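First to last, the protein sequences are chains A and B.
The opening position of the first sequence corresponds to residue 1 in the UniProt record's numbering, with each subsequent residue numbered one higher.
The opening position of the second sequence corresponds to residue 1 in the UniProt record's numbering, with each subsequent residue numbered one higher.
Just so it is clear, CB atoms sit at the ideal spot from N, CA and C, and this is done for glycine as well.
Model, not experiment: these values are computed from the prediction.
I have placed the structure first, in the form of structure tokens, so that the comments after it can refer back to it.
There are 2 protein chains.
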Amino acid sequence: MSKKIFFTLFFLFSLANVLHAQQGYTLWMDYAGSNPQSRKNLKFLAKSIYMEAGSDILKSAQNEIEIGLSGLLNEKLNFSDTMENDNSLVVSKVSSLKGSWSQSMDVSSEKLGNEGFYIRSRDGGILVTANTDIGLLYGVFRLLQFIQAGHHLEDFSLLDAPSVDLRMLNHWDNLDRTIERGYAGFSLWNWQKLPEYIDQRYIDYARANASIGINGTVLTNVNANALVLTPMYLEKVAALADVFRKYGIKVYLTARFSAPMEIGGLETADPLNTEVRNWWAQKTNEIYKWIPDFGGFLVKANSEGQPGPQNYGRTHVDGANMLAEAVQPHGGVVIWRAFVYSEDDETDRAKQAYAEFVPYDGQFMENVLVQVKNGPIDFQSREPFHPLFGAMSKTPLMMEFQITQEYLGFSSHLVFLPKLFEEVLQSDTYVKGKGSTVAKVIDGSQHNKRISGMAGVSNIGTDLNWTGHPFAQANWFGFGRLAWNPETKANDIAEDWIKLTYTNNKELIALLKPMMINSREAVVNYMNPLGLHHLFDTGHHYGPGPWVDNLGRPDWNPTYYHKADENGIGFDRTKSGSNALEQYSDEVSYTFGNLKTCPETYLLWFHHLPWDYTLNNGNSLWDGLALRYQEGVDQVSEMIETWEKARNFINNDQYHEVKMLLDIQLKEAKWWRDASLLYFQTFSGMELPEGVPKPTKSLEYYKSLKFPFAPGIRPQWD
Amino acid sequence: MSKKIFFTLFFLFSLANVLHAQQGYTLWMDYAGSNPQSRKNLKFLAKSIYMEAGSDILKSAQNEIEIGLSGLLNEKLNFSDTMENDNSLVVSKVSSLKGSWSQSMDVSSEKLGNEGFYIRSRDGGILVTANTDIGLLYGVFRLLQFIQAGHHLEDFSLLDAPSVDLRMLNHWDNLDRTIERGYAGFSLWNWQKLPEYIDQRYIDYARANASIGINGTVLTNVNANALVLTPMYLEKVAALADVFRKYGIKVYLTARFSAPMEIGGLETADPLNTEVRNWWAQKTNEIYKWIPDFGGFLVKANSEGQPGPQNYGRTHVDGANMLAEAVQPHGGVVIWRAFVYSEDDETDRAKQAYAEFVPYDGQFMENVLVQVKNGPIDFQSREPFHPLFGAMSKTPLMMEFQITQEYLGFSSHLVFLPKLFEEVLQSDTYVKGKGSTVAKVIDGSQHNKRISGMAGVSNIGTDLNWTGHPFAQANWFGFGRLAWNPETKANDIAEDWIKLTYTNNKELIALLKPMMINSREAVVNYMNPLGLHHLFDTGHHYGPGPWVDNLGRPDWNPTYYHKADENGIGFDRTKSGSNALEQYSDEVSYTFGNLKTCPETYLLWFHHLPWDYTLNNGNSLWDGLALRYQEGVDQVSEMIETWEKARNFINNDQYHEVKMLLDIQLKEAKWWRDASLLYFQTFSGMELPEGVPKPTKSLEYYKSLKFPFAPGIRPQWD
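Below, the structure is given as structure tokens:
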């Protein structure tokens, strides 16, 4: 009897299976990855490697070479313990270069600064050099990425140095390991087992951050708990700092302003009270004993119920400078958040941070940065840039982006955020005439700031793939790239990420790059088209809630933001309304304030318009709005089609995981469209235009939806 | 100039590094693992495999062969789609066997039952057969384990079938993904992304459970939330059930007794009320529409504040039978927990479950099981067996073990629990004379029960290695083995686990097996020696709190349990005290009640004794107690020494991870010793004996320790 052999498997199948479950854990550092052919002519690199020895950071660099280069080249690595002219790879500080390698250093070392690096090829070898150990580590990572992306490195030279000083992640992680606005599991910081137990994830977290140049991390939520400042927790924080230090990453903590009362036993937290000032000085000294290179404090004060100097009739300057004085002797900084809005001021929430902070420009101590959210409301899918960026020339302003997708579909929606970040950074404040971009304000060049910084609210959690959605890794990656250099193009970030994460196959890049780039406009369209904003359901911000009007404060309600009624929709921020526009420069104010020049993307942000207002394309506002929602849904459908085409270039598990998530995204895009249009239709009284299907469920149905355990809500004890 | 090559790396290093962070994810199923030489003579198996096709469960079995056998044998697998006499491996139901394979089935198929299997070798081939698809899946897993453990399978035959029907994990997982008494991260169930997004972990969870014979899982906490019974959650539960069904695992839910009021809009949950009964009947019908093979309900009622039939003047029988009636048409069961203790009864908490339940023996419906914790208090490191096991001959009693280490050092302490489980199962109730072990009560053979079951409160969470401590995987594994067959020896479980997880190297086994086996006595010694119990700090149960005496109910306080005073220590449960002993058979009662026969391990559980009472070895009770604490500390030190020796047989990451945890265990063992002895010394007034070091900190220090964010506490909304 004949046999039919219908299935043949190779032994590696089992290993693949072991790995598939952990897919994504290695992020953009999967050195065992793709494209062996493009690396062939780099195999010579393994021949004789000189790696400068010394500090822990250099050990980290050596470790990356070991695990990265051996994997990428599929070769044994041979290390030499002396620098020789015939080395194939030399990784050494400028000051230690010898012989012909010294001659290969053909640029001014000044240009490398404290964190930059220089990579160049020469006959038979490659040089990675820098002024500092951390510069070398960054250079090693960049070299590995170039190889990983399939570059050949012939006649290659690259000098790169960061243009922003503080490149930080902000973790809104609570001490119980829940994460406010976290959608990728729970906090990485296992406080229970610290300081003794060092989770491998701490190390891999530091590696990933260093690989994209991030050099600071705030471990705790801005809605802070003072307990993290007690010795029990400081010992644990110090253990994390010991890990991160080896990758050039400093640890920061959030300082709860009332800590002197809560853990210090004082009766006040008044920043002008001597006992309070002494308490902070001593507490800070104590922290620096545990963590000699502690970065400093991040503070949310007098915002959303958090305590602050105003509780004592004092100002943000009083509060910030008190802490700045405490950390100054140790070289620390204070990062004071500008995200404040008063419950007493009912004119326009968008105006309040400017109103509160601009008067203090020039009064903060030298080691204070003011951290400003990218827009004047709260991390919406699109906002005009924050007016503060054009207004505080004497204060270092730090950008606060939100990488975690609080208002962008949690970790179920594919939204490539560098496109949003780029839009903000390239916005022109006109503060010193045309070309005064937010990027230049942030990197300090606009006003010659003494220090600069960019923060991203982390989207990282305990999920096996770190970020919940595989494509959300690109947002962490892209934030790092933009923090390093705010002029980086979103397009380039997308392409690099695809190459490092999947493959450098041109067909795949041609599919995925436009999908990623367009994904940001898709979410704007299906959630908040035409400048609408803050239409989210209460508390968890999961799904639409434009009808919500029963919350304690006016500016907590979506109805406050869209102001829809029978006559029209939109927030009038022109002179006839809140006049928030006056906080911008004349050029910006004119553009946004004039219906002819205001981009339709910001239309209802700045203007209240009748339902029959005629849009540029001749559609009525109502029809145009409805068609935008539909466009967003269609764009998600297109993403699904693209992903089907990409299937040939990726493995089955990679395909299925994202497919399941795109299906959720499509379902929820339709939910946004239908719920929003049904609600706004109660005001417009108009029919849906052709091309927008009639909703299959009722408005009452959408209003009835409840999500009591949606992730990421504020901690209950706060 | 000569070069010194000081470091050579192989390309696999990078792959190893990718894996090391995820070490432990593959549990005891690391088919790419060790011992290639012992598998050489099994390579023939790959030659021609016939695997019966058909159901999803058979597909799972095929998948396991593909990933397991190809990895273990390091060979291509060749599959044949017809059964041939010269197949190298045949996996087929008895009813489908053909030709010579039919003749190889040389045992009565009746013996295999519904879940058992038969594996035998014959010339040039191996047969795996069973009456059912799930029997085949279990057989495949067992075959892979035998190969993985290095057995040769020559002249091999094994018939195995479970002796317990319901082999279940109980997850105390809340809908917000916190886990009550969870120490390995958070709940695997990502309710937010269900039903659409199927996490690979769900599949790997099912594979792991099926590999040890677990066939049921209760997804939700016994302190239940009724929302899981609403359509929004049932759709999500159904998605999980769809995954688990492919591995023979049924899904169960906890039923909050007041659900008819909370989600049904009724004004009562009285089990004799017709509306209530109808509501449960309809709700159950609805559940079975979602999940046709839904297992049934697990109920915690009238215990620790949970609602129950007693709220309406009804009995446990009324409550259980109402639910049993609802699930009976669908073939479901009700598992009713016996963990109850009344706040009104102040005599002895240990007596209350017996007092409440024994009167109802014989009154429960046929599809009700009563689930009883292993001991009469609450999962202490040692308790005598629960008296109910010797008392309800007409009711199926289900064992409830706690795999998660609520009272055994969380996931930082290495404690091999099968040793504890074995002790309980081998305890003799004497209910029908000598040999009436708890094991026989549980497997139903003692009283010819119609159904039998064993539950383990899960220690599984989102940690990369699932259980927090690598050795805690052995407790999950061991629970499965004992649920399959309660007569399994802890020694054999330890050996099998070491072989599957590390290697079958004899020297390593000789090191690790005794370490694991002795680890249980170590934790008893350093936490609760000589029968002491429930001395834990409030709420979180992390660390010692023997001094706690201020809680709302007497039996919540450690002082209630140790009753230490100037005259002595211990809980008198003899006739002169609470007489809890009368709940046991005469033989047991006599043994425990008589100081000459009571094992010292239970001494202070049953007796209150003066500090100068003379122990068997001549020591005073005080000295003996102190020396026991010290012995526990010494045993942990020995574990560390053993682990150092094991270092040669395992990889560096494996070594370091457990080393860090053992260091925590040693620190905490000393904490238990010092805090407990300092406190008890305030009563005994006696000096510490030679060999017990003077504590370095004061009793006040230990009393001052606070752990507000210790993991695993009860949810705040409960």
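Query, Result
"For B/Gln654, return the contacting residues in chain A, with the cut-off set at a CB-CB distance below 8 Å.", "Within chain A, no residue comes near B/Gln654; the closest Cβ sits about 11 Å away, beyond 8 Å."
"Note down, in chain order, all residues in the region 177–195 of chain A with a beta-carbon under 9 Å from any beta-carbon belonging to chain B.", "Arg177, Thr178, Tyr183, Gly185, Phe186, Asn190, Trp191, Gln192 and Lys193"
"For the alpha helix (DSSP H) that contains B/Asp344, what are its first and last residues?", "Per DSSP, B/Asp344 belongs to no alpha helix (DSSP H) and is neither H nor E."
"Between the alpha carbons of B/Ser108 and B/Val94, how many angstroms are there, rounded?", "10 Å"
"Under 7 Å Cβ to Cβ from B/Lys351, same chain only, skipping five residues before and after it: list those, please.", "Ser578, Ala580 and Gln583"
"Can you pull the chain B neighbours of A/Ser102, defined as C-beta to C-beta under 7 Å?", "Residues of chain B passing the Cβ test: none, with the nearest at roughly 16 Å."
"Counting only C-beta atoms, is A/Tyr197 closer than 7 Å to chain B at any point?", "yes"
"Between the region 659–674 of chain B and chain A, which residues of the former have CB atoms less than 8 Å from a CB of the latter, in chain order?", "Met660, Leu661, Asp663, Ile664 and Lys667"
"DSSP beta-bridge partners for A/Asp565?", "A/Gly568"
"CB of A/Leu705 to nearest heavy atom of the ligand NAD: below 6 Å?", "Ligands are entirely absent from the displayed structure, and the ligand NAD is therefore not among its contents."
"Rounding to the nearest angstrom, what Cα-Cα distance links B/Phe13 and A/Thr217 in this structure?", "At B/Phe13 the pLDDT is 34, less than 50, meaning the model places this residue with poor confidence; the figure from the coordinates comes in the next sentence. Computed Cα separation, rounded: 30 Å."
"With 7 Å set as the bound, which would you pick, yes or no: does the beta-carbon of B/Leu175 sit closer than that to a beta-carbon of chain A?", "yes"
"When you compare the CB of A/Phe364 with every CB in chain B, is at least one pair closer than 7 Å?", "no"
"CA-CA distance, A/Lys250 and A/Trp672?", "41 Å"
"What did DSSP end up calling B/Ile517 once you bin it into helix, strand or coil?", "helix"
"Taking any Cβ of chain B, which residues in the region 445–463 of chain A have a Cβ under 7 Å from it, in chain order?", "Thr462"
"Please report the straight-line C-alpha distance between B/Glu668 and B/Gln630, rounded to a whole angstrom.", "12 Å"
"What does the alpha-carbon distance come out to for the pair A/Thr538 and B/Gln192?", "16 Å"
"Give me the chain A residues within the contact set of B/Phe709, using Cβ-Cβ distance strictly less than 7 Å, ordered along the chain.", "Leu175, Asp176 and Trp191"
"What does the alpha-carbon distance come out to for the pair A/Ala21 and A/Leu188?", "Confidence is the limiting factor: at A/Ala21 the pLDDT is only 41, short of 50, which leaves the residue's position unreliable, though a coordinate-based value still follows. Cα-Cα distance, rounded: 19 Å."
"Give the interface partners of B/Ser620 over in chain A, defined as CB-CB distance under 8 Å, in chain order.", "Per Cβ cutoff of 8 Å: no residues; B/Ser620 is ~36 Å from chain A at best."
"Assuming contact is defined by CB atoms lying nearer than 7 Å, are A/Ala326 and A/Thr284 in contact in what I supplied?", "yes"
"Pair every Cβ in the region 644–661 of chain A with every Cβ in the region 518–530 of chain A, then say whether three or more of these pairs are closer than 8 Å.", "no"
"Please say whether B/Phe379 and B/Ala407 have beta carbons closer to each other than 7 Å?", "Position check: residue 407 of chain B holds Tyr in this sequence, whereas Ala was assumed. Yes, the pair counts as a contact, with Cβ atoms nearer than the cut-off."
"How many Å lie between A/Gly319 and A/Asn367 at the Cα?", "13 Å"
"Considering only their Cβ atoms, is the gap separating A/Ile134 from A/Val128 smaller than 7 Å?", "no"
"Please go through the UniProt domain \"Alpha glucuronidase N-terminal\" (27–143) of chain A and give each complete beta strand (DSSP E) segment of 3 or more residues, from N-terminal end onward.", "49–51, 78–80, 89–93, 117–122 and 125–130"
"Using DSSP bridges, identify the partner residues of B/His425.", "In the sequence under discussion, the amino acid at residue 425 of chain B is Leu, which differs from the His named in the question. DSSP output for B/Leu425 lists no bridge partner at all."
"Whose C-alpha, out of B/Tyr252, B/Glu383, B/Leu414 and B/Thr82, is nearest the C-alpha of B/Leu425?", "B/Glu383"
"Could you give the first and the last residue of the continuous alpha helix (DSSP H) run that contains B/Asp586?", "Asp586 to Gly593"
"Going along the chain, which residues of its own chain have a beta-carbon closer than 7 Å to the beta-carbon of A/Phe389, five neighbours each way excluded?", "Val372, Leu397, Thr429, Val438 and Val441"
"Measuring CB atoms only, is the region 291–309 of chain B touching the region 251–267 of chain B, in the sense that at least three cross pairs come out at less than 8 Å?", "yes"
"Residues bridged to B/Ala455 by DSSP?", "B/Met168 and B/Glu400"
"Spatial neighbours of A/Arg553 within its chain, please: C-beta separation below 6 Å, excluding the five flanking residues on both sides.", "Glu343"
"At a Cβ cut of 9 Å, what residues of the region 404–416 of chain A count as close to chain B, listed as they run along the chain?", "Phe410, Ser411 and Ser412"
"DSSP on A/Thr254, reduced to helix/strand/coil?", "strand"
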